[in-house]
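Working notes, beginning with the structure itself.
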Amino acid sequence: NAGVTQTPKFRILKIGQSMTLQCAQDMNHNYMYWYRQDPGMGLKLIYYSVGAGITDKGEVPNGYNVSRSTTEDFPLRLELAAPSQTSVYFCASSYGANQPQHFGDGTRLSIL
Amino acid sequence: AQSVTQPDIHITVSEGASLELRCNYSYGATPYLFWYVQSPGQGLQLLLKYFSGDTLVQGIKGFEAEFKRSQSSFNLRKPSVHWSDAAEYFCAVGPGGGADGLTFGKGTHLIIQP
Chain L
168 NAGVTQTPKF
178 RILKIGQSMT
188 LQCAQDMNHN
198 YMYWYRQDPG
208 MGLKLIYYSV
218 GAGITDKGEV
228 PNGYNVSRST
238 TEDFPLRLEL
248 AAPSQTSVYF
258 CASSYGANQP
268 QHFGDGTRLS
278 IL
Chain X
4 AQSVTQPDIH
14 ITVSEGASLE
24 LRCNYSYGAT
34 PYLFWYVQSP
44 GQGLQLLLKY
54 FSGDTLVQGI
64 KGFEAEFKRS
74 QSSFNLRKPS
84 VHWSDAAEYF
94 CAVGPGGGAD
104 GLTFGKGTHL
114 IIQP
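For the protein sequence lines, the chains are L and X, in the order given. Its first residue numbered 168, the first sequence is counted upward by one per residue in our numbering. Its first residue numbered 4, the second sequence is counted upward by one per residue in our numbering.
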């Protein structure tokens, strides 16, 4: 029972490079979320999705893009990496809007 | 807008002692409240949740939390901590009117002394 799987676990990027953080869940959850976690700041919502083909911005969406072509997958794309995007990124999913969210193990991203 | 405050950044407790982690929230309606635990290098794991009903909720690993509407609080407790409880603990309040994600507190880092 995999739950929420994030890849890669670690990545170092140069300023201006682009990359996609992958997230997949096998629980048939409609709701999926991307958060970033910075030291001492808790988690901030980047984007979320309530189903395939539907995405919306969270609190800190600038510099990121998402897509949701299937129920299972919710990739997060960084187009022009900036040092401010150095963070740990978590993907989560839930059965419904107010249901508990299940988290992946995170992707630790450094922009140098 | 909803918000969550965890007043204690760090707490140190001796192994075997009792624990209380504080959480205060601001929310316009009946809140959905959660406590999560994060071990180093790991994602967040749900400890317990409150949606409605009994204000004292039991969770995994021997944790419990009490919802007090009058104090806008949802404090986490454990009667006797173990060294394995050392972790980061996050309180969160459920989505606002739409489907957007949880609002998290900044976390409390729990240190267990031998």
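Ideal Cβ placement from N, Cα and C applies to all residues, glycine included. Being a predicted model, the structure only gives us computed values, none of them experimental.
- The beta-carbon of phenylalanine 177/L is placed no less than 8 Å from the nearest beta-carbon of chain X.
- Rounded to whole angstroms, the gap between the alpha carbons of tyrosine 215/L and aspartate 223/L is 6 Å.
- Per DSSP, reduced to three states, the secondary structure at glycine 218/L is strand.
- Fewer than three Cβ pairs drawn from the region 237-257 of chain L and the region 53-63 of chain X lie within less than 8 Å of each other, which leaves the two stretches out of contact.
- In this structure, leucine 36/X sits near glycine 97/X, with a CB-CB distance shorter than 8 Å.
- When C-beta atoms of the region 68-78 of chain X are compared with those of the region 23-39 of chain X, three or more pairs fall below 8 Å, so the two segments count as touching.
- Arginine 235/L carries a coil assignment under DSSP once its states are collapsed to helix, strand and coil.
- DSSP places arginine 275/L in the strand class (E or B) of the three-state scheme.
- Under the DSSP assignment, isoleucine 14/X falls in the beta strand (DSSP E) whose first and last residues are 13-17.
- Apart from sequence neighbours up to five positions away, the residues of its chain that approach glycine 273/L with a beta-carbon distance below 7 Å are Gln173, Val255, Tyr256 and Phe257, ordered along the chain.
- The beta carbons of isoleucine 14/X and threonine 111/X sit closer together than 8 Å.
- With a beta-carbon spacing of about 7 Å, arginine 275/L and lysine 176/L fall inside the 8 Å limit used to define contacts.
- For aspartate 57/X, the three-state secondary structure derived from DSSP is coil.
- Residues of chain X whose Cβ lies closer than 7 Å to the Cβ of methionine 208/L are, in chain order, Lys109.
- The residues Tyr28, Ser29, Tyr30, Gly31, Pro34, Val96, Gly99 and Thr106, in chain order, have a CB closer than 8 Å to that of glutamine 5/X in the same chain once the five nearest residues on each side in sequence are set aside.
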